[in-house]
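Converting from the sequence shown to this note's numbering requires adding 26 to each position, the first position being numbered 1.
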Amino acid sequence: MESLPKLRIQLAPHHPKGLILDNPVMTAAGTFGYGTEYSELVDIQRLGAIICKGTTLMPRKGNPQPRMVETTCGLLNSVGLENIGIDALIEDKAPIWAGWRVPVIVNVAGETFDDYIQVVSKLEGIPGVSGIELNISCPNISGGRMEFGVTPELAAELTSAVKAATSLPLMVKLSPNVTDIREIALAVEGAGADAISLINTVRGVAIDINERRPCLGNIIGGLSGPAIKPIALYMVHETAKNVRIPVIGCGGISCAEDALEFIMAGASAVQIGTANLTNPGVSLAVLQGIKDFMKQEGIEDLTRLVGIVH
Ligand SMILES: Cc1cc2nc3c(=O)[nH]c(=O)nc-3n(C[C@H](O)[C@H](O)[C@H](O)COP(=O)(O)O)c2cc1C
């Protein structure tokens, strides 16, 4: 009998509870809602994990419209973390997740250290929540609005404060808007991150020349989609070479070949974002494509491909 390809991965090997996924394909924060919106369209239970929308202490209305514009091979967005807030998530979404097979990881955002700590503290012991992804690409309002994730000191300080406030596996999601991704990755690893995901969106602007105004209400947005894939691959490669914790690759993935590039660059798992907006079934198609590649190449265990391109 033909053996099935081995796709299971441990995303938090140093964590007492660990975080095992049946396969390495996840949906990226902000592009798959709370999973519930997609459950009628695709068999979400077959995904490796779902990362829910960025969640803050209080509900947020987000940025002024327009919030999304298509650019060459990419999408520029300034949604501004519109979300229902942590209390509504615990009340309305987590009980649904608790009945699911697919693990849900909550993406957490904040404007102060205290915001982040309060959000993760509220998630303690909530059934249906398997882990935390810390979005450190948020402006620190008590620090001149500079993003938490752009200096190693601040990134490490935030990571260790959150780590001390949670017993859940903690994945820290890095911002690409930095000079040296390696030093940020090492800082968050040193501060206790169980895994690192990267990249978040790349800061950008688009201008409507006829209207002579920015395309986005917020002027500045975050670029995602195929346009950023080489940037993301570079940063994943650089990070994976330097840290010992698992790395999760994200940025412009829209097919199995893209995902395999990230895996060969050192990612133990991948996240798919913008591609979900045009094809809700893309993540499962990527998963199938990875299985097909393994079969075709005679690879039984996906971990054998992780980081083979140094
Ligand atoms: C509309 C939209 C909303 C997003 N919201 C979040 C968010 O709430 N938290 C977060 O960490 N990343 C957020 N992201 C970033 C994605 O999770 C992902 O890191 C990024 O888009 C790169 O992957 P992609 O090219 O596959 O989209 C968002 C991206 C988009 C396009």
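Positions of the beta carbon are idealized from the N, C-alpha and C atoms, including for glycine. As the structure is a computational prediction, the values presented were derived from the model and not from experiment.
Note the first and the last residue of the continuous alpha helix (DSSP H) segment covering residue i.
i, result
"Leu-180", "178-191"
"Gln-322", "308-323"
"Lys-148", "139-148"
"Arg-86", "Arg-86 -> no alpha helix (DSSP H), and no H or E assigned at all."
"Leu-212", "207-216"
"Ala-295", "Segment 295-298 is the beta strand (DSSP E) holding Ala-295; no alpha helix (DSSP H) there."
"Asn-302", "301-304"
"Asp-284", "282-290"
"Ile-122", "120-123"
Would a C-beta distance cut-off of 8 Å place residue i and residue j closer than the cut-off?
i, j, result
"Ile-122", "Thr-57", "no"
"Glu-326", "Pro-31", "yes"
"Leu-224", "Leu-200", "yes"
"Ala-75", "Ala-221", "no"
"Val-269", "Ala-211", "yes"
"Leu-196", "Ile-158", "yes"
"Leu-313", "Asp-69", "no"
"Ile-257", "Val-296", "no"
"Val-273", "Ser-294", "yes"
"Thr-53", "Ala-232", "no"
"Gly-100", "Ala-253", "yes"
"Pro-202", "Asn-166", "no"
"Asn-103", "Gly-247", "yes"
"Ser-156", "Ala-191", "no"
"Gly-315", "Ala-282", "yes"
"Asp-234", "Lys-255", "no"
Less than 6 Å between C-beta atoms, sequence neighbours within five positions excluded: which residues of the same chain meet that for residue i?
i, result
"Ala-55", "Ile-77, Gly-80, Asn-133"
"Ala-135", "Gly-80, Thr-82, Leu-107, Asn-161, Cys-164"
"Ile-289", "Leu-331, Val-332"
"Ala-124", "Pro-153, Gly-154"
"Leu-33", "Asn-49, Leu-328"
"Ala-217", "Ala-182, Thr-185, Ser-186"
"Val-145", "Leu-83, Ile-112, Val-134"
Short of 7 Å in beta carbon distance, which residues of its chain neighbour residue i, apart from the five on each side in sequence? Order them along the chain.
i, result
"Ser-193", "Glu-150"
"Val-308", "Ser-280, Ile-298, Ala-301, Asn-302"
"Lys-87", "Glu-108"
"Gly-59", "Lys-79"
"Val-128", "Ile-70, Gln-71, Leu-73, Ala-75, Ile-76"
"Pro-178", "Glu-209, Ile-210, Ala-213"
"Leu-67", "Pro-306"
"Ile-110", "Pro-85"
"Lys-317", "Pro-31"
"Met-320", "Pro-31, Leu-328"
"Phe-139", "Leu-184, Ala-187"
"Asn-244", "Asn-89, Pro-90, Ser-104, Gly-106"
"Ser-168", "Thr-138"
For residue i, which residues of its own chain have a beta-carbon under 8 Å away from its beta-carbon, when the five flanking residues on both sides are left out?
i, result
"Ala-291", "Leu-259, Val-262, His-263, Ala-266, Gly-275, Gly-333, Val-335"
"His-40", "Asp-220, Ile-271"
"Trp-126", "Gly-61, Ile-70, Gln-71, Gly-154"
"Val-105", "Gly-56, Gly-88, Asn-89, Arg-93, Met-94"
"His-46", "This sequence places Ile at residue 46; His is not what is there. Around Ile-46: Arg-34, Ile-35, Gln-36, Leu-37."
"Val-204", "Gly-175, Val-176, Ile-210"
Hey, quick one: how far does the beta strand (DSSP E) through residue i stretch, first residue to last?
i, result
"Glu-159", "157-161"
"Ser-223", "221-224"
"Ala-75", "75-77"
"Glu-96", "94-97"
"Thr-53", "51-53"
"Asn-203", "Segment: none, Asn-203 is in no beta strand (DSSP E) and carries neither H nor E."
"Ile-274", "273-276"
DSSP has residue i in a bridge; who is on the other side?
i, result
"Cys-164", "Paired residue(s): none; Cys-164 is not in a bridge."
"Thr-329", "DSSP lists no partner for Thr-329."
"Ala-266", "Answer by DSSP bridge pairing: none, since Ala-266 is not bridged."
"Asp-234", "Arg-239"
"Ser-250", "Leu-101"
"Thr-81", "Val-134"
"Val-228", "Leu-249"
"Lys-43", "DSSP output for Lys-43 lists no bridge partner at all."
"Leu-196", "Ile-158"
"Ile-35", "Leu-47"
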